[in-house]
Structures are given as C-alpha cells and as structure tokens.
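Input: a single structure, listed below in structure tokens.
See below:
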C-alpha cells in the first residue's frame, strides 16, 4: 500500500508500525481516502487498550513525535474494534469503504 498525498509517497505500514509502539494501542489501520486539496489524505483508525485515555489528538501528537509531520493522518478515529478476516488480518478495504460511505459527516 502507498498513498500519494500532496505529491509525497507515504506508506501506511510505516505509520501503523509507529502506532503499534505506543503502549495504549492494541491495533490500528491506516489508509488513504480522496482529498480535494492533497489528492489523498491519510485516515487512522485506532483500537486502544481498555481504560486508556488516548484520543485522536494524542494519536496525532505521537505520530508527529516519531515521524515527519506530513506522515500524520489528517483524520484519526478511536474505534472499539477493527474487523478481521478469518485469518485475523484487518479488513482495510471494508474500513475504507465504510469511511467513504460516511465521509460527508466526517
């Protein structure tokens, strides 16, 4: 997977690896969605440890402290769980489709 945002190649896996290093992150999914200004924008859906107080702004701050600013997702949402296939792999295509279906309200 690669997202081109503002003419820059960004690899969601790098951002996911960064998020997995945070002690309050159980799992995450990062993907690109169409964006009028940037071509594509990154979205991060993050599943956090029960009882953790990690919010979207905290996630963005963490990424910016570890990676270049341009790699920080433009949209971050905390989710209860991420859908998985029978092999345990996160269903990113499903997440992206669901995000796009709700895009006007985001």
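In our numbering, the protein residues as written are 1150 to 1255.
Cβ atoms here follow ideal geometry from the backbone N, Cα and C, with glycine treated the same way.
Beta-carbon proximity check, residue i vs residue j, cutoff 8 Å
i, j, result
"residue 1191", "residue 1179", "yes"
"residue 1222", "residue 1153", "no"
"residue 1168", "residue 1244", "no"
"residue 1159", "residue 1220", "yes"
"residue 1182", "residue 1249", "yes"
Bridge partner(s) assigned by DSSP for residue i
i, result
"residue 1228", "1196"
"residue 1233", "1239"
"residue 1183", "1189"
"residue 1178", "1194"
"residue 1154", "1157"
Neighbourhood of residue i by C-beta distance below 8 Å, restricted to the same chain and skipping five residues each side
i, result
"residue 1197", "1173, 1174, 1175, 1203 and 1227"
Segment limits, alpha helix (DSSP H) that includes residue i
i, result
"residue 1214", "1205 to 1215"
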